[in-house]
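These notes are about the structure you will find just below.
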Amino acid sequence: MLLVHIRWMIVQDLPQVLAIESEVFEDDAWDGEEFKRWLKQRCVIGLVAEHDGEVVGYCVYEMTGNTTGGKTKARVVVNFVVAPEWQRNGVGRQIISKLVERYTGPVIFEVSEYDLSMHLFLRAVGFRAKRVVRDYFESGSDAYIFTSRKSKASA
Numbered sequence: 011m012l013l014v015h016i017r018w019m020i021v022q023d024l025p026q027v028l029a030i031e032s033e034v035f036e037d038d039a040w041d042g043e044e045f046k047r048w049l050k051q052r053c054v055i056g057l058v059a060e061h062d063g064e065v066v067g068y069c070v071y072e073m074t075g076n077t078t079g080g081k082t083k084a085r086v087v088v089n090f091v092v093a094p095e096w097q098r099n100g101v102g103r104q105i106i107s108k109l110v111e112r113y114t115g116p117v118i119f120e121v122s123e124y125d126l127s128m129h130l131f132l133r134a135v136g137f138r139a140k141r142v143v144r145d146y147f148e149s150g151s152d153a154y155i156f157t158s159r160k161s162k163a164s165a
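This note's numbering applies: residue 11 is where the sequence shown begins, and numbers increase by one.
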């Protein structure tokens, strides 16, 4: 397993993040403005996984619920990527572990019905598909809502 350092995303990370984003998502990739738009929101956090100074993966998530009182109901992951050359090295598992361990409440992923590799990965790291939302994405595809089985409170 490749050990990575997971830290908050900063604007200086964007060139590396955008390179990974465009490699993985091609036509559906977020651009720099989309990342900035998300990360400027009060309850949105970006994390990067770094190895030897190189960003090898990242995650953007939104905290929902009463965040001012210190109790976040859930973290909804809106973007999660590991660079293709670093996949299957434990990077994604380490990002997920940080998300699940850091807060109480579930971690939620909304995954396209066509993203089988993400479905399999999430199941392998302890997530369960709870429901399907029809026509969720702009493309018209359905979303499977995956939720973490354990949270800090229930561990």
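The beta carbon of each residue, even a glycine, is placed where N, CA and C say it ideally should be.
Residue i - containing beta strand (DSSP E), residue span
i                : result
glutamate 140    : Position check: residue 140 holds lysine in this sequence, whereas glutamate was assumed. Taken as a continuous stretch (DSSP letters only), the beta strand (DSSP E) holding lysine 140 covers 137-143.
phenylalanine 35 : No beta strand (DSSP E) holds phenylalanine 35; the alpha helix (DSSP H) holding it covers 24-35.
glycine 56       : 54-61
alanine 84       : 84-92
methionine 73    : 64-74
Exposed unless 16 or more other CB atoms sit within 10 angstroms - verdict on residue i
i             : result
leucine 132   : buried
alanine 29    : exposed
isoleucine 20 : exposed
glycine 102   : buried
alanine 84    : buried
Member of the options whose CA lies at the smallest distance from the CA of residue i
i            : options                      : result
glycine 100  : Glu148, His61, Pro116        : His61
tyrosine 124 : Glu148, Ala153, Gly63, Ala84 : Ala153
As assigned by DSSP and simplified to three states, the class of residue i
i             : result
glycine 150   : coil
tryptophan 40 : coil
Element boundaries [alpha helix (DSSP H), containing residue i]
i              : result
isoleucine 105 : 101-112
Residue-chain proximity (residue i, chain D), Cβ-Cβ < 8 Å
i             : result
methionine 73 : Note that chain D does not occur in the displayed structure, where there is just one protein chain.
Does the count of Cβ pairs from the stretch 53-67 and the stretch 84-100 closer than 8 Å reach three?
yes
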